[in-house]
Amino acid sequence: GSSSSSSGSLDSMLGSSSSSSAPSTSSESAGRSSASSSLPAWAGAFFGQGSPGAAAGPTPQLQAQQKAEASPLLFAEPMTFMSPAYLDLISQEEEDIARARTAVLPPLQSVVELTTAWKPPTRSGEALSTEDQAEVAPVIAAPTQAGMLLQDGNGVLRDGTRWEKHSGEEFGPDGYWKRWTRLAGLSGDGTVAWEECWWEASDYKGYREKGATKTGSSEGGAAWKESWMEKIYHDMWTQERSVERNAHKWARDENRDEWEEKWGESYSQSGKTSKFADKWGKHQNNVWHERWGEEYDGKGACQKWTDKWAERLFQGGTEQWGDKWTETFGDGRGEKHGEVW
């Protein structure tokens with residue numbers, strides 16, 4: 020009995036569903052609207068009767084589903100892969116060449132923009148600390164940006180300075196490769212000649228070297244020189260990897276007074292370290308010297324020393340005086356001794 024009543028109820032609901040597509044009379048619409056108004060809000064939304072003016076209908080679960088209109092499927096945009104040309108590695112040399120070719124340089128007004136080799140180097144004035152040397156030494160004779168980007172050839176600046184530039188390469192055993200550039204010139208009045216050169220070298224065994232030199236002279240007798248160099252190599256005796264850096268300055272004026280400064284440092288893979296500085300100067304008949312050094316054995320011991328003296332030159336002999344001292348540390352002990360003479 021219950022099954023027949025449920026099937027009859029189902030047939031009646033299906034029948035009303037099939038007839039729901041036909042236009043409804045005003046009485047039926049009023050009945051449905053009154054029925055929908057009696058439902059809770061959530062029930063009206065569930066049965067599709069919550070929105071005003073919507074056509075009332077039976078339970079959606081039993082309503083014949085209308086065929087949805089076909090719509091195109093949405094796919095993600097296809098991935099674009101980079102061409103293998105974009106994945107090629109570019110060497111530093113190729114980047115430098117491309118940068119130099121695309122660089123637009125303003126016309127050089129004077130030699131000041133091209134190089135610093137046209138004048139003597141400056142003196143440090145006093146002994147540099149170890150930290151200061153590490154900062155100053157590598158940039159003492161660094162070429163200017165304009166000089167590096169200048170193409171090979173020759174020309175005349177607006178101040179009359181004549182210049183010429185050449186570059187080349189050298190090859191040797193074990194993949195040795197050296198690239199060098201030389202830039203030289205003469206002032207407009209012909210009184211000052213200058214030249215600078217910088218280079219890089221390497222080989223397959225891990226040797227690396229870079230450096231620069233600058234020289235100049237005037238027709239009055241003055242002359243100067245400035246250089247720096249740093250390299251990485253394997254020591255031929257211990258086969259340890261080592262690093263060396265050094266710098267040099269020298270100048271002489273028209274009165275034949277001159278001065279010179281040298282300093283350097285070296286480091287080995289075992290921890291051994293060596294640092295030194297050597298300076299001297301001459302003014303008329305007075306000469307003075309100053310030297311200092313530091314040695315570390317890589318095991319906690321070190322030795323520091325300094326030596327300063329001066330001399331006065333005159334007919335019949337010289338006067339000399341100075342002082343020096345040494346400090347030694349190691350194994351938790353230390354000693355210091357010196358002398359004045």
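Those letters in the sequence shown? Residues 20 to 360, per this note's numbering, in order.
C-beta atoms are modelled at their ideal positions from N, C-alpha and C, and glycine is treated no differently.
Query	Result
Sequence-distant residues of its chain with Cβ nearer than 8 Å to G357 (five each side left out)	D342, K343, W344, T345
Top-ranked residue by Cα proximity to D326, from A117, D350, A296	A296
K268 vs E249 beta-carbon contact at 8 Å	no
Neighbourhood of F333 by C-beta, 8 Å cutoff - its chain only, sequence neighbours within 5 removed	N304
First through last residue of the beta strand (DSSP E) which encompasses E259	Careful: E259 lies outside any beta strand (DSSP E) and carries neither H nor E.
Under 8 Å between C-beta atoms of W182 and L133	yes
Alpha helix (DSSP H) runs wholly inside the stretch 287-350, at least 4 long, in chain order	none
Contact belief for A231 with S246 at Cβ below 8 Å, rounded distance in angstroms	7 Å
Limits of the alpha helix (DSSP H) - the one that L205 falls within	Per DSSP, L205 belongs to no alpha helix (DSSP H); it is in the beta strand (DSSP E), 195-205.
Touch test, the stretch 213-228 against the stretch 134-143, Cβ-Cβ under 8 Å, three pairs minimum	yes
Local conformation of A74 per DSSP, three classes	For A74, the pLDDT reaches just 46, beneath the cut-off of 50, and the residue's location in the model is therefore unreliable, leaving the point undetermined.
Three-pair Cβ contact test at 8 Å for the stretch 309-323 versus the stretch 283-296	yes
Beta-carbon proximity of D193 to D222, cut-off 8 Å	yes
Buried or exposed by the 16-neighbour rule on C-beta atoms within 10 Å, applied to W217	buried
Alpha-carbon to alpha-carbon, D171 and H185	5 Å
With 16 other Cβ atoms within 10 Å as the buried cut-off, status of S284	Sequence check: residue 284 is Glu here, not Ser. It counts as buried.
Cutoff 6 Å; reference G166; Cβ partners in own chain excluding five residues on either side	L133, T134, L202
Cutoff 8 Å; reference K355; Cβ partners in own chain excluding five residues on either side	W344, T345, E346, T347
Buried or exposed (CB count within 10 angstroms, at least 16 for buried), A266	buried
Contact check, E259 vs S289, beta carbons under 8 Å	yes
CA-to-CA distance, E219 to R227, given in whole angstroms	8 Å
Simplified DSSP state of G174, which is helix, strand or coil	strand
Alpha carbon of P157 to alpha carbon of Y252, nearest angstrom	Low confidence applies to P157: its pLDDT is 41, below 50, so where it sits in the model is not reliable, and the reading given next is rough at best. C-alpha separation (whole angstroms): 18 Å.
Limits of the unbroken alpha helix (DSSP H) element including A165	164-168
Nearest-angstrom Cα separation, counted from T337 out to K291	40 Å
For W328 and Q339, believed in contact at Cβ under 8 Å, the rounded distance	6 Å
Identity of the residues DSSP links to Y252 by a beta bridge	S261
Reduced DSSP category for A117 - H, G, I as helix; E, B as strand; rest coil	helix
Enclosing alpha helix (DSSP H) for E132 [first to last residue]	130-133
CA-to-CA distance, E188 to E112, given in whole angstroms	13 Å
Close-in-space but distant-in-sequence residues of the same chain around A242 (CB under 6 Å, 5 per side omitted)	S236, R271
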